[in-house]
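A.B. asks: From first to last, the protein sequence lines are chains A and B. With the working numbering, letter number 273 in the first sequence gets 273, and the count goes up by one each step, no holes. With the working numbering, letter number 175 in the second sequence gets 175, and the count goes up by one each step, no holes.
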Amino acid sequence: MIRLEKRPQPSRAWSLATPLLAVLATMIAGGLLFAALGKDPVEAIRTIFWEPLFGEFSFYYRPQLLVKGAPLVLIAIGLSLGFKAGIWNIGAEGQYIMGALFGAGVGLAFYPFEAWYIFPLMVIAGGFGGWIWAMIPAFLKVRFGTNEILVSLMLVYVAEQFLASMSLGLLKNPEGRGFPGSRNLQQYDSAHNAELIAGSGMHWGVVAALIAVIFAYVLLNRHMVGYHIRLTGEAPRAARFAGVNPTRLILFCLGTSGMLAGLAGMFEVSGPSGQVSIDFNVGYGFTAIIVAFLGRLHPVGILLAGGLMALTYIGGDIAQSNLQLPSAAIQVFQGMLLFFLLAFDLLTNFRISLGKPEVS
Amino acid sequence: MKLTNLMTSAAVALGLATAALADDPTKVGFVYVGPVGDGGWTYEHDQARKAVVEEFGDKVETVYVESVAEGPDAERVITQMALQGADLIFTTSFGYMDPTINVAAKFPDVKFEHATGYKNADNVSTYSARFYEGRAVQGTIAGHMTKSNVVGYIGSYPIPEVIRGINSAYIHAKKVNPDVEFKIVWAFTWFDPAKEADAAKVLIEQGADVILQHTDSTAPQAAAQAAGNVITFGQASDMAEYAPAPRVSSIIDNWAPYYIARTQAVMDGTWESKSTWDGIGAGMVGIGEISDAVPADVKEAALAIKAALADGSYHAFTGPLNKQDGSAWLAEGETADDGTLAGMNFYVEGIEGDIPQ
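Spelled out as structure tokens, the structure:
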């Protein structure tokens, strides 16, 4: 008889091995899926994972990995702090939108004036936009005990309405022939989050993501707040005895994750995207939740997971174009990744034992 | 600069390789905003892609990527197609405009065709269809058919393209039925069956017995079928599965003749950058078969309008017409110029409600 037995301690080895196993299992199951669609599975997997990194045009795709991965990592780092403490910010997508709107709004308010301080002001505004949007669920939670999962998620849809309204109204490009969407910030030097080295994909958002990784690592390992976060997540009762102030922790975790999501939105709108438009948000805030878990809520893990996720997006598009795989198949493939991760996660906390239950 | 150089040299190398192989097929790329199975906008673009394949056989190779988000993802996908040797790339959504222009600047030897935009370059053409001509036909049928005198209209986004359609449909419904009233719901989506169904239900509850839609799913057709005694029109594609009722006719985007002509031009080396805005006459806007649910005299009136629009003897926006606020727009017999139509941001007199801002 096969039974699951709870481990006294979560296994450290399995905790590290499960993401790798999940990727492997995704490759196998994904390969079967692609084969069932009549495509060469080995070629499809190779296209997704190998082509962007080492293929003929990797000189173009590698920088794109940074562009695609940076917002994911930046958001996921913020989310991971709260997730560790059992504070669930599901609304990063909304905070991302608000950050973009605040940042772009400040930039566009100065148009066409050129000055060095415009971009830093936009960064501050972007972070503030995300922070204030996350403060709504935070405040409601600490004041009225509302559920932050629901409130933060619902606010995504409110933010989307703001985005549509801004694209059609206040921020609409007056020279845009009546079409929705703002001016393109890529054509406004003072507000453009340009590549720091042309062709490298490195823009300020990538730098911010790397700083966030280091910041989170230090915070979690060397700082009292980090200790409180971990303690609250692992042993809430003990945390209370240790004098952790839950209100402060909620405000800190939601605020920080909101701010980072806002920054990600701001760097995106002023750089790779360039424009506030109705369809500006493409789901980074939700994908970042996957990235956070795939990275085991560990800063370095999240960095790697963000890279992996970006790889599947870019490789997935190449596979669509080269092998004519339907985009739905690529999405299923990405979904499998989280599914297998959660499934294998069981092994971290449980042991599979064969035979009769032992008498304890 | 380094990347640009690399890309140019990659493109040149590929170009040389192409020249070396005389039999090498012309590679045509398509970037789609929705899934090819959306039954509407993207579906019709993909039908046209298939028509290109059918026309040229082995002489072309087509590739496409579906559900590409507007913005940096689009720019990456377009670049990827250009890098991999596409000779001609169709980018089929308005939001691909700046990405298309950006990529085109890096690949001067590749030809680009951007749908519904207004930015051209030496290697970027734009093309769109005069869907408002089809709306004139729909408006005529709607005006005749409505018994409640309430016509419901599901708008996608308040952009000139959609506002033109509402105005054109209203003008022609009003012409045959002075008591007609339009109720407009903005769905703020091009394709979202759930939202579209909700919009249709709201309109039906408000008394509409004709539903026009500028969104791409068949959900409003299904809602109308469930309600009974409500007629609809197919949008972007024929939606014939809902014929003869509720779907009584449709506007079909027919991109095939254009895509074939442009591919031929690339093969012949005669491709030039231009702006195309074709209507019923050129076959870019098709009117789906008017079903038997429509009385013969109404059908005749609709077909007469269609014929007049096709041969150019009638313009869908012919004066006298006033704007919503009552100010004069077009004098007796005057027709709207393309510039005004392209940027249309006002309702004509008689339509109630405001265009959302």
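Where a beta carbon is used, it is the ideal one built from N, C-alpha and C, also for glycine.
(1) In three-state DSSP terms, what is Leu-21 of chain B?
(2) Within 10 angstroms of its Cβ, does His-114 of chain B collect 16 or more other Cβ (buried), or is it exposed?
(3) Check Ala-331 of chain B in the structure and name its three-state DSSP category.
(4) Can you give me the C-alpha to C-alpha distance between Asn-147 of chain A and Leu-220 of chain A, rounded to a whole angstrom?
(5) What would DSSP say about Arg-247 of chain B, mapped onto helix, strand or coil?
(6) Let's test the definition: count the other Cβ atoms within 10 Å of the Cβ of Arg-12 of chain A and tell me whether it reaches 16, buried, or not, exposed.
(7) Glu-70 of chain B and Asp-189 of chain A - do their beta-carbons sit closer together than 7 Å?
(8) Where does Asp-38 of chain B fall in DSSP's three states?
(9) So, using beta-carbon positions, are Gln-275 of chain A and Ser-182 of chain A closer together than 7 Å?
(10) Residues bridged to Asn-322 of chain B by DSSP?
(11) Output the distance between the C-alpha atoms of Gln-80 of chain B and Arg-7 of chain A, rounded to the nearest integer angstrom.
(12) Hey, would you say Val-298 of chain B sits closer than 7 Å to His-144 of chain B, going by beta carbons?
(13) Go through its chain and collect everything with a Cβ distance to Ala-305 of chain A's Cβ below 6 Å, but skip five positions before and after it.
(14) Listing by chain order, which chain B residues have their CB less than 9 Å from the CB of Phe-280 of chain A?
(15) Using a Cβ cut-off of 7 Å, pull out every chain A residue sitting near Pro-158 of chain B, in sequence order please.
(16) With a CB to CB cut of under 8 Å and the five nearest residues on each side skipped, what residues in its chain are close to Val-185 of chain B?
(17) Please state the DSSP three-state secondary structure of Leu-83 of chain B.
(18) For Gly-103 of chain A and Gly-129 of chain A, which I take to be in contact (beta-carbon distance under 8 Å), what is that distance rounded to the nearest angstrom?
(19) Can you tell me the Cα-Cα spacing of Ala-239 of chain A and Ser-327 of chain A, whole angstroms?
(20) Consider the Cβ of Pro-272 of chain A: report whether some Cβ of chain B lies at a distance smaller than 7 Å.
(21) Determine the closest residue to Ile-355 of chain B out of B:Ala-302, B:Ala-236, B:Gly-85 and B:Pro-158, with distance taken between C-alpha atoms.
(22) Here's the rule I'm using: 16 or more other beta-carbon atoms within 10 Å means buried, otherwise exposed. How should Asn-245 of chain A be labelled?
(23) From the beta carbon of Tyr-347 of chain B, is the nearest beta carbon of chain A less than 7 Å away?
(24) Of all the residues that make up the region 86-120 of chain B, which are near chain A by a beta-carbon distance shorter than 7 Å?
(25) Just to confirm, is the Cβ distance from Thr-91 of chain B to Val-266 of chain B under 7 Å?
(26) Identify which residue in B:Glu-349, B:Ala-316, B:Met-344 and B:Asn-345 has its Cα closest to the Cα of Arg-328 of chain B.
(27) Who are the near neighbours of Ala-22 of chain B in its chain, counting only those whose CB is closer than 8 Å to its CB and skipping five residues on each side?
(28) Quick one: is Tyr-157 of chain A buried, meaning 16 or more other Cβ sit within 10 Å of its Cβ, or exposed?
(29) Go ahead and pull the three-state DSSP assignment for Lys-6 of chain A.
(30) Could you tell me the distance, in whole angstroms, from the CA atom of Asn-102 of chain B to the CA atom of Gly-176 of chain A?
(31) Of all Cβ atoms in chain B, is any one closer than 7 Å to the Cβ of Gly-205 of chain A?
(32) Alpha carbon to alpha carbon, how far is Gln-84 of chain B from Tyr-61 of chain A?
(33) For Trp-131 of chain A versus Gly-285 of chain A, is the C-beta spacing smaller than 7 Å?
(34) Does DSSP classify Asp-73 of chain B as helix, strand or coil?
(35) Within the same chain, show all residues whose beta-carbon is closer than 7 Å to that of Lys-68 of chain A, passing over the 5 residues directly before and after it, in chain order.
(36) Which value, in whole angstroms, describes the spacing of the CA atoms of Tyr-32 of chain B and Val-207 of chain A?
C.D. replies: Answer, in terms of the structure:
(1) Its pLDDT being 46, under 50, Leu-21 of chain B is placed unreliably by the model, and nothing is read from it.
(2) buried
(3) coil
(4) Roughly 25 Å between the two C-alpha positions.
(5) strand
(6) With fewer than 16 other Cβ atoms within 10 Å, it is exposed.
(7) no
(8) coil
(9) yes
(10) Bridge partners of Asn-322 of chain B: B:Ala-328.
(11) 48 Å
(12) yes
(13) Val-291, Leu-294 and Gly-295
(14) Near Phe-280 of chain A (Cβ distances below 9 Å), the residues of chain B are Glu-70 and Gly-71.
(15) Correct list: Leu-168.
(16) Counting only residues of its own chain and dropping the five nearest sequence neighbours on each side, Val-185 of chain B has a CB closer than 8 Å to the CB of Gly-152, Tyr-153, Ile-154, Gly-155, Ala-199, Val-202 and Leu-203.
(17) Three-state result, Leu-83 of chain B: helix.
(18) 7 Å
(19) 46 Å
(20) Closer than 7 Å to some Cβ of chain B, the Cβ of Pro-272 of chain A qualifies, so yes.
(21) B:Pro-158
(22) exposed
(23) no
(24) Against chain A - using a Cβ distance shorter than 7 Å - the residues of the region 86-120 of chain B are Phe-94, Gly-95, Asp-98 and Tyr-118.
(25) no
(26) The sequence shown places Ala at residue 328 of chain B, rather than the Arg named in the question. Nearest C-alpha to Ala-328 of chain B: B:Glu-349.
(27) Note that Ala-22 of chain B scores 47 on pLDDT, short of 50, meaning its location in the model is unreliable; the coordinates nonetheless yield the value given after this. Closer than 8 Å at the Cβ level, and outside the excluded window around Ala-22 of chain B, lies no residue.
(28) exposed
(29) In this structure, Lys-6 of chain A counts as strand in the three-state DSSP scheme.
(30) Spanning the two alpha carbons is a distance of roughly 17 Å.
(31) no
(32) 12 Å
(33) no
(34) helix
(35) Ala-310, Tyr-313 and Ile-314
(36) 32 Å
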